[in-house]
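Under UniProt numbering, the first residue of the sequence shown is numbered 1, with each subsequent residue one higher.
Quick reminder that beta carbons are idealized off the backbone N, C-alpha and C, glycines included.
Remember, predicted model here, so these are calculated numbers, not experimental data.
The next block holds one structure in the form of structure tokens; read it before the comments.
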Amino acid sequence: MEGYLHSEHFNGKGISWTPLLVLGYLFYLLLGAMVFQLLEKQAETHSRDQFHLEKLKFLQNYTCLDRQALEQFIQVLMEAWEKGVNPERNSTNTSNWDFSNSFFFAGTVVTTIGYGNRSPSTVAGQVFCVFYALFGVPLNLAFLNQLRKALNAHLITLERCVQKPGHDQVVQRLAVAVFLTAGTLLFLVFPPLVFSYVEGWSYGEGFYFTFITLSTIGFGDYVVGTNPKKHYIPLYRSLTAIWIVFGLAWLALVFNVGADLMEKFLQLKWHKPDLSLAEGAPAKLEDEPKQPRIHLSKSLSSFYLTPQIAPILRTGFAK
């Protein structure tokens, strides 16, 4: 208990910063709810009113149809849509479950993106999906972890290639800048251009799909390869799935760095470390087993924090 009271959960005055983080998290959720409601509710009401108006016009123009028959037909369309059948397509269109589409779906399962536009409709398919995800999600996490290690290794190699004596901070900043710039171009800037060309989206819509996908939010409002009016090459969705996997590893590393920086900021703000203890910390840590740290996190910590604070954070708050 004594060790816990002196842990990083409390600052020098014995006040825990963890409840502040919880309150900040809840406030962020409430803020998002209010903004989304303000931006989207009126548009939804307009769309709903427009739909009912069009339905009334349809009944007025086709008097041979009664309202009940139209409602039944709409229900059939909704059920077909929920099962992955696009009403705009005909029976000669490509199957939703050919190998390319199935490969893409398998990727959305193990990465937990889950767009929601396609799902197994048979009992056997649903049961298999459960067990497939049960083993596939941990496998995907292990695979992404290895990719992050590989990206980190390349970053270290980049630092060593340009490293000069007495310029460690400059090298770290340069390496981080190159890493973030290359990743941003490869995974966030260029892909929307491709999706805009192939899918007919605007660049903003393509960027929205890119970020929502790589962050594993996956709303399903934009999904590649689903427009029945377009002809896609057979490997289009499979190549997209491969891009998603590598993009997930890169963006997850960036998110981890962001979370690490936020945590250190809170610790720095609410914890006033004893400088005498901080000076003796390295000698104490030599006797303790070294825990693995993401090299990029250290680089970004040095990049954003002052040279006087960064060493204290690395020694005093290392997990």
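Host alpha helix (DSSP H) of residue i (start-end)
{"i": "Ile74", "result": "67-82"}
{"i": "Arg48", "result": "18-61"}
{"i": "Tyr232", "result": "Premise fails: Tyr232 is in no alpha helix (DSSP H) and is neither H nor E."}
{"i": "Phe209", "result": "203-214"}
{"i": "residue 325", "result": "This structure leaves residue 325 out entirely; the chain is present only between 1 and 319."}
Residue i burial status per 10 Å Cβ neighbour count (16 or more: buried)
{"i": "Phe187", "result": "buried"}
{"i": "Asn61", "result": "exposed"}
{"i": "Gly204", "result": "exposed"}
{"i": "Asp98", "result": "exposed"}
{"i": "Pro192", "result": "buried"}
{"i": "Arg118", "result": "buried"}
{"i": "Leu275", "result": "A caution first: Leu275 carries a pLDDT of 48, below 50, which makes its placement in the model too unreliable to give a value."}
{"i": "Ser121", "result": "exposed"}
{"i": "Lys229", "result": "exposed"}
{"i": "Ala43", "result": "exposed"}
{"i": "Gln75", "result": "exposed"}
{"i": "Lys290", "result": "Because Lys290 carries a pLDDT of 44, less than 50, the predicted location of this residue cannot be relied on, and the following value inherits that uncertainty. Exposed, because fewer than 16 other Cβ atoms sit within 10 Å of the Cβ of Lys290."}
{"i": "Glu286", "result": "With a pLDDT of only 43 at Glu286, under 50, the local geometry of the prediction cannot be trusted, and no value is derived from it."}
{"i": "Glu288", "result": "Unreliable placement is indicated for Glu288, whose pLDDT of 43 sits below 50; no coordinate value is reported for it."}
{"i": "Thr111", "result": "buried"}
{"i": "Phe255", "result": "exposed"}
{"i": "Glu199", "result": "buried"}
{"i": "Ala153", "result": "exposed"}
{"i": "Gly218", "result": "buried"}
{"i": "Phe135", "result": "exposed"}
{"i": "Val257", "result": "buried"}
{"i": "Pro19", "result": "exposed"}
{"i": "Gly24", "result": "exposed"}
{"i": "Ile233", "result": "exposed"}
{"i": "Ser100", "result": "buried"}
{"i": "Gly183", "result": "buried"}
{"i": "Ala241", "result": "buried"}
{"i": "Lys264", "result": "buried"}
{"i": "Ala175", "result": "buried"}
{"i": "Phe51", "result": "exposed"}
{"i": "Thr45", "result": "exposed"}
{"i": "Phe209", "result": "buried"}
{"i": "Leu185", "result": "exposed"}
{"i": "Thr63", "result": "exposed"}
Short Cβ contact (8 Å threshold) for residue i with residue j
{"i": "Leu253", "j": "Leu139", "result": "no"}
{"i": "Phe104", "j": "Arg237", "result": "yes"}
{"i": "Tyr132", "j": "Val223", "result": "no"}
{"i": "Leu59", "j": "Arg48", "result": "no"}
{"i": "Gly107", "j": "Ile244", "result": "yes"}
{"i": "Thr216", "j": "Leu248", "result": "yes"}
{"i": "Leu147", "j": "Phe36", "result": "no"}
{"i": "Leu21", "j": "Leu266", "result": "yes"}
{"i": "Leu214", "j": "Leu251", "result": "yes"}
{"i": "Phe190", "j": "Gly206", "result": "no"}
{"i": "Leu77", "j": "Lys55", "result": "no"}
Chain C within 8 Å of residue i, Cβ atoms only
{"i": "Leu29", "result": "Looking at the structure shown, chain C is missing, and only one protein chain is on hand."}
Proximity test, residue i beta-carbon vs the ligand FAD heavy atom, cut-off 7 Å
{"i": "Trp201", "result": "The ligand content of the structure shown is nil, which means the ligand FAD is not present either."}
**Those runs of the alpha helix (DSSP H) which lie wholly inside the stretch 115-195 and span at least 4 residues** = 123-162, 168-184
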